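The structure under discussion appears below in the form of structure tokens.
Residue numbers (the working numbering): 1 to 336.
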């Protein structure tokens, strides 16, 4: 039998030679189309995983930050060989769980979760916006437990050594990271139009979460930026090469690790400069809410990892008990 659905002709077998029965089946399918229930037996069996991800990349992933879009494509490099030709209805929780078990042998939990998260988001879009399916198989698949226990930051001595062994343009980038906590991509993508030296603030135009955030500038950075305006104010980006073009992330990474090696600093990544910024704020007694706002964390849970660096946090809580009454103790007014 043949019928039209969403502007395209669909052919399906009625699996019968009885003409009257075939007409009855066709009539029932037309009722399902009218009621919006035809996709239950059509789209999930007709659309493949590759089709879903191709459309996702075209319509959804391209709106993300360049690094996020690139990460989606990297994830698909692992997902397509396994799920690519399968119909959506064939991508089951059991199959996804098996993939998770297989991937954890070679990939870190966070990496596995990014791949599974991509599948989950694509299915959600396919359900809500495209009406390709009714169920998300990832709804019944748990993510890997990620132990984010890394607690590495620069000591003052390491700070000095790293800057000493860095080329001038890298020094500026490192000083900026240590005084703002901005991510590598945010720093390299910073444009002069987002900087207001009069108000001593800048605006991160497209952060990791896709939202703008305002970052205050201390006197060190104001001086650094004013010096740079005298040399490259005609360029769009704040941090540029000698030719005035945006610094490539790969070149930054190479220069950074070269400086680390010369400074004899081990077990340190560029992102740890962000941790250093937050750790120093906490060690200086800045409350965690302000740290959260400066880092651009949506949830305070993400900022709690720095709580143990806040030396007076517990003391403040205990001393609050002294307000308005005598100190509890042996022999005191309220003593035993």
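Backbone N, C-alpha and C fix where the C-beta goes; we use that ideal spot for every residue, glycine too. None of the values given here were measured: they were computed from a predicted structure.
Between the CA atoms of residue j and residue i - distance to the nearest angstrom
i           : j           : result
residue 294 : residue 48  : 43 Å
residue 134 : residue 127 : 6 Å
residue 253 : residue 193 : 26 Å
residue 153 : residue 265 : 11 Å
residue 297 : residue 204 : 13 Å
residue 109 : residue 147 : 9 Å
residue 40  : residue 46  : Residue placement at residue 40 is poorly supported in this model, since its pLDDT is 47, which falls under 50; the coordinates are not used for a value here.
residue 97  : residue 82  : 12 Å
residue 279 : residue 130 : 45 Å
residue 247 : residue 231 : 16 Å
residue 240 : residue 234 : 11 Å
residue 68  : residue 54  : 16 Å
residue 309 : residue 259 : 27 Å
residue 267 : residue 51  : 41 Å
Three-state secondary structure assigned by DSSP to residue i
i           : result
residue 87  : strand
residue 54  : helix
residue 73  : helix
residue 196 : strand
Residue range of the alpha helix (DSSP H) that includes residue i
i           : result
residue 128 : 109 to 128
Sub-8 Å separation of residue i and residue j beta-carbons
i           : j           : result
residue 382 : residue 180 : Past the boundaries of the shown model lies residue 382; the chain is included only from 1 to 336, so the question cannot be answered.
residue 107 : residue 188 : no
residue 95  : residue 172 : no
residue 197 : residue 132 : no
residue 113 : residue 76  : no
residue 176 : residue 221 : yes
residue 60  : residue 125 : yes
residue 237 : residue 186 : no
Residues near residue i by beta carbon distance below 6 Å, same chain, minus five either side
i           : result
residue 161 : 263
residue 93  : 137, 140, 141
Delimiting residues of the beta strand (DSSP E) encompassing residue i
i           : result
residue 178 : That residue, residue 178, is in no beta strand (DSSP E); its alpha helix (DSSP H) goes 168 to 180.
residue 162 : First-last for residue 162: 156 to 164, but that is the alpha helix (DSSP H), not the beta strand (DSSP E).
residue 215 : 213 to 216
Contact set for residue i: own chain, Cβ-Cβ below 8 Å, skip 5 residues either direction
i           : result
residue 100 : 112, 116, 141, 144
Below-8 Å beta-carbon distance, residue i vs any chain C residue
i           : result
residue 308 : Judged by its chain identifiers, the structure shown contains no chain C, having just a single protein chain.
Chain-order list of residues whose beta-carbon lies under 7 Å from that of residue i (same chain, five-residue window excluded)
i           : result
residue 291 : 278, 281, 282, 303, 306
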